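Take our numbering: the last position of the sequence shown gets the number 288, and nothing is skipped along the way.
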Amino acid sequence: MNDFEKKSDNLHKENKNDDCFKIIALGGDAKSKIQEALVMIKERNYAEVDQLLNDAAKNITQARNIQHKLLTKEIRDNNVMPSILLNHAMDILITAESEIGLVNFIYPCLKELEENISKRD
Numbered sequence: 168m169n170d171f172e173k174k175s176d177n178l179h180k181e182n183k184n185d186d187c188f189k190i191i192a193l194g195g196d197a198k199s200k201i202q203e204a205l206v207m208i209k210e211r212n213y214a215e216v217d218q219l220l221n222d223a224a225k226n227i228t229q230a231r232n233i234q235h236k237l238l239t240k241e242i243r244d245n246n247v248m249p250s251i252l253l254n255h256a257m258d259i260l261i262t263a264e265s266e267i268g269l270v271n272f273i274y275p276c277l278k279e280l281e282e283n284i285s286k287r288d
């Protein structure tokens, strides 16, 4: 491998690591917002819940777009290199997606249940 190829390879690894850290940060922030939304559900602060879930969804979308760009580039360049950092980033993102999916399913049910109980009183 010549000097140019080494520099190019190092730059690719640095960019990949930067993208992984962005995915981790966005996914982690989304998870924090989801946890905060759960607290707000318990406190019946529904306006805040909606905002937090919306913000979390935006973070997840941003992280997913970075992941898509990263994986597409690796496949296009025929340079698919597994990395612990990428696996960790994907784990954080998948967990955030799973959590928001569950909260988005349960939240309307709880809200409807509360409304029905309020109507009976």
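From the three backbone atoms N, C-alpha and C, an ideal C-beta is built for every residue, glycine too. Since the structure is predicted, the reported quantities are computational estimates derived from the model, not experimental observations.
Could you tell me the alpha carbon to alpha carbon distance between residue i and residue j, rounded to whole angstroms?
i    : j    : result
D186 : I284 : 47 Å
V216 : N245 : 43 Å
E181 : E266 : 30 Å
Sort the options by Cα distance to residue i and report the nearest one.
i    : options                   : result
L253 : E264, V270 and I233       : I233
T262 : Q218, K286 and R231       : R231
K189 : P275, L260 and R287       : L260
D196 : N212, Y213, E210 and T228 : T228
Assuming residue i contacts residue j under a Cβ cut-off of 8 Å, what Cβ separation, rounded to an integer in Å, is found between them?
i    : j    : result
L193 : V270 : Contact flag wrong, Cβ pair sits at about 17 Å.
Using the Cβ count rule (16 or more neighbours within 10 Å means buried), how would you classify residue i?
i    : result
I251 : exposed
M207 : buried
I273 : exposed
I242 : exposed
L280 : exposed
Task: Contact the stretch 213 to 225 vs the stretch 192 to 200: 3+ CB pairs below 8 Å - done: Contact between the stretch 213 to 225 and the stretch 192 to 200 is present, with at least three C-beta pairs closer than 8 Å.
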